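J.: Would you mind keeping the following structure in view while I ask a few things?
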Amino acid sequence: MRIHHTNRFLKKLEKSPIKIQEAFKQKLRLFINDKNNPLLNNHKLAGQLNWYRSINITADWRALFREDKDIIYFITIGTHSNLYK
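For the sequence shown, numbering that gives the first Met the number 0 begins at 0 and goes up steadily by one.
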């Protein structure tokens, strides 16, 4: 599995609180070892976001990604309310 981050994702991650940046690093390690780890709550999104999947970073923060064969593209990161407006 290869991991890629969009520029949008990297900019949002950089602007997020340090606590969130650290939490993402921890969740990414879990994801790499087992993308279906229950702590991630990895799930397919519906509606206009149905091309993407989401993992929990914290209780309120999510990272959206899409899969293309063996490549994972992290698209964006943000709070639940900001991502699902």
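Yeah, the Cβ is synthetic: ideal placement off N, Cα and C, and Gly gets one too. The structure presented is a predicted model; accordingly, all values stated were derived computationally and were not measured.
By how many angstroms is the C-alpha of M0 removed from the C-alpha of K68?
T.: The residue given as residue 68 occupies position 69 in the sequence shown. The residue given as residue 0 occupies position 1 in the sequence shown. Their Cα atoms are separated by approximately 9 Å.
J.: Taking a contact to mean a Cβ-Cβ separation below 7 Å, would you say Y72 touches R65 in this structure?
T.: As a position in the sequence shown, residue 72 is number 73, starting the count at 1. As a position in the sequence shown, residue 65 is number 66, starting the count at 1. Cβ atoms of Y72 and R65: closer than 7 Å.
J.: Give me the Cβ distance between L39 and N55, rounded to the nearest whole Å; I'm assuming they're in contact under 8 Å.
T.: Against the sequence shown, residue 39 aligns to sequence position 40. Against the sequence shown, residue 55 aligns to sequence position 56. Going by Cβ atoms, the distance from L39 to N55 rounds to 6 Å, so yes, they are a contact pair.
J.: Could you work out which residue in G77, L82, F30, N36 is closest to I70 when comparing CA atoms only?
T.: Taking the sequence shown and counting its residues from 1, one reaches residue 70 at position 71. Minimum Cα distance to I70 is reached at F30.
J.: From R52 to T5, what does the alpha carbon distance come to, in whole angstroms?
T.: Position 53 of the sequence shown, counted from the start, is the residue given in the question as residue 52. Position 6 of the sequence shown, counted from the start, is the residue given in the question as residue 5. The alpha-carbon atoms of R52 and T5 are separated by roughly 15 Å.
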